[in-house]
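The block underneath contains the structure these notes are about, expressed in structure tokens.
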Amino acid sequence: MGYKKEKDRLVMEMGESTDKSVRDANVQIHTGCKWKAHVEVDQTISRLQQKVTIGRVQVGRAGLGHGEAPKFWSKASRKERKELVVAEVTSIENEQQKVKAIAQGHQGNWTMWESVVSRNISLAQFLD
């Protein structure tokens with residue numbers, strides 16, 4: 002598990018604890034000056050709650066009902082909420098990485114299909 006995901010999981014563990022004294026302890030998770038775990042967890046939770054409002058949406062050409070149903074924040078258990086937050090943090094990091102790569106102009110060409118070299122491969126070449 003990555004650094005950010007582990008810190009976010011720890012914040013969720015403290016905030017969602019079944020022990021009232023642990024929840025009320027207001028433990029500060031030290032992460033550095035550029036990034037705060039509790040702020041990111043709050044943003045991630047609000048993003049997950051927004052997904053509940055939006056509901057299940059169509060992705061690509063797949064119709065509604067295709068694939069497994071997403072787990073929503075409002076119906077998730079305490080353990081599932083931690084997993085949802087960690088998964089959402091992962092998707093946010095992937096989105097930020099993709100935006101950064103595309104924003105770099107020439108360096109972001111690997112994200113486009115135009116840069117792929119076309120090749121004609123016969124079955125005989127493939128089997129060799």
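Numbering-wise, my numbering comes out as the position in the sequence shown, counting from 1, plus 1. Heads up, the beta-carbon is just placed ideally off N, CA and C, and yes, glycines get one too.
If you drop the 5 nearest sequence neighbours on each side, which residues of the same chain put their C-beta closer than 6 Å to that of residue i?
i	result
T32	K8, A38
L65	Q59
May I ask you to report which of helix, strand or coil DSSP gives residue i?
i	result
E133	Nothing in the structure corresponds to residue 133, since the chain is present only between 2 and 129.
E69	coil
A88	helix
R57	coil
K101	helix
N121	coil
R62	coil
D43	helix
K83	helix
T19	coil
Which same chain residues end up closer than 7 Å to residue i when comparing Cβ atoms and leaving out the 5 residues on each side of it in sequence?
i	result
R48	E89
R79	E17
Quick check: what's the CA-CA separation for residue i versus residue j?
i	j	result
K52	H67	18 Å
K141	E69	With the chain covering only 2 through 129, there is no way to say anything about residue 141.
N95	D20	34 Å
K83	E14	7 Å
V60	V40	29 Å
R62	K101	27 Å
P71	Q97	22 Å
V23	S92	29 Å
D106	V118	One detail in the question is off: residue 106 reads as Gly in this sequence, not Asp. Near 19 Å, if we compare the C-alpha coordinates of V118 and G106.
L85	F73	8 Å
S123	W114	22 Å
C34	S18	26 Å
W36	D129	52 Å
E81	T45	14 Å
Q50	N27	23 Å
Excluding the 5 residues flanking residue i on each side, which residues of the same chain have their C-beta closer than 8 Å to its C-beta?
i	result
I30	K8, L11, V12, M15, A38, H39
Does the beta-carbon of residue i, which I'm using as the reference point, lie nearer than 7 Å to any heavy atom of the ligand SAH?
i	result
H107	Of the ligands one can find in the structure shown there are none, so the ligand SAH has no counterpart to examine.
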